[in-house]
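Under the working numbering, the first residue of the sequence shown carries the number 671, and numbering increases by one thereafter. These notes are about the structure you will find just below.
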Amino acid sequence: MAFLPIILRTPWTCLTLGFDEIRLLYPEKDEFVVDGVFYCDREGCSDSFRTYRNRNKHIREAEKPVVCPYCGIRMPYQSDMKKHAKTHVNEDLRERFPCTICGKLYTRYDNVLKHQNRNH
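In structure tokens:
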């Protein structure tokens, strides 16, 4: 397996692959890595991250690429959209989870629990 040029140097050795430098497998990473720090490349953002994964999570949460086909709301992750989409199923039964303390209605039981933890 061929690696791209060495970008970062570390004082440790990778036990799996046996090299003592972090090698980046994707050339697009070169644009936002400086001295081992991963920078957000979104316009107007100067946030920095210790890992490539955290940087990508930050960008995904800012851009919210998943769009609800029912109402157009945007979310960062498909798992969030699956929860949200349940609010559109069977609109007649939308608010079927009441708070046992105040009676306020919710579309999902986990939202009732959040409400109770915050307010009661």
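For every residue, glycine included, the Cβ atom is placed at its ideal position computed from N, Cα and C.
Query: Can you tell which of 723, 733 and 705 has its C-alpha closest to the C-alpha of residue 715?; Result: 733
Query: Between which two residues does the beta strand (DSSP E) carrying residue 782 extend?; Result: Run containing residue 782: none in the beta strand (DSSP E); it sits in the alpha helix (DSSP H), 779-789.
Query: For residue 722, name the three-state secondary structure that DSSP assigns.; Result: helix
Query: Starting from residue 707, trace the beta strand (DSSP E) both ways and give me its first and last residue.; Result: 707-709
Query: Does residue 800 come out as helix, strand or coil in the three-state DSSP assignment?; Result: Nothing about residue 800 can be read from this structure; the chain reaches only from 671 to 790.
Query: Can you tell me the Cα-Cα spacing of residue 753 and residue 772, whole angstroms?; Result: 24 Å
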